[in-house]
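Undergrad: Residue numbers (my numbering): 17 to 154.
Glycine residues also receive a C-beta, built at the ideal position from the N, C-alpha and C atoms.
Once you've had a glance at the structure underneath, I'll fire off some questions.
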């Protein structure tokens, strides 16, 4: 009886651990009070990479990036896994979703982003540069 109770307890713990909810994180260059975990527009991160760093502990997390009808331009992030600079690096299975047309601008100096996992949708990406060629995404 004791073994069966322990087995049931173990199974319920596994079910509980596997039922974590996906989270939303927010990015707005003009948020008034940026603060981790960046889970409201008022506490939104000012950079995309900062919010990505807090997301991704659960598959299905979403980072929402506000674009202010194209007037919010996100530029230059200087960490990269392949010797290039990037506006952001996404190596987690999360969704990066643009709201109101945010712009990713490599300024002819950096790659727009490095992507090895996840989804990027709803952005204008421009002026990318990587390894001597235009394009700016990987």
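Tell me which same chain residues have a C-beta within less than 6 Å of the C-beta of residue 43, skipping the five on either side of it?
TA: Counting from 1 along the chain shown, the entry for residue 43 is found at position 27. Contacts found: 60, 61, 64, 67, 81.
Undergrad: Please return the same chain residues whose Cβ sits closer than 6 Å to the Cβ of residue 95, not counting the five positions on each side in sequence.
TA: If you number the chain shown from 1, residue 95 lands on position 79. The pLDDT assigned to residue 95 is 49, lower than 50, so where the model puts this residue is not dependable, and the model offers no usable value.
Undergrad: Helix, strand or coil, according to DSSP, for residue 122 in the structure here?
TA: Your numbering for residue 122 matches position 106 in the chain shown. Looking at residue 122 - three-state DSSP - the assignment turns out to be coil, as it is neither helix nor strand.
Undergrad: In whole angstroms, give me the CA-to-CA distance for residue 28 and residue 36.
TA: Working through the chain shown from its first residue, we reach residue 28 at position 12. Working through the chain shown from its first residue, we reach residue 36 at position 20. With a pLDDT of only 41 at residue 28, under the threshold of 50, the placement of this residue in the model should not be trusted; the figure read from the coordinates follows. C-alpha separation (whole angstroms): 13 Å.
Undergrad: To the nearest angstrom, report how far apart residue 101 and residue 137 are at their CA atoms.
TA: Counted from its first residue, the chain shown places residue 101 at position 85. Counted from its first residue, the chain shown places residue 137 at position 121. Rounded to whole angstroms, residue 101 to residue 137 spans 21 Å at the Cα level.
Undergrad: Counting only the same chain and skipping the five closest in sequence on each side, list residues whose C-beta sits under 6 Å from that of residue 120.
TA: Taking the first residue of the chain shown as position 1, residue 120 is located at position 104. Excluding positions up to five away in sequence, the list reads 90, 103, 128, 139, 141.
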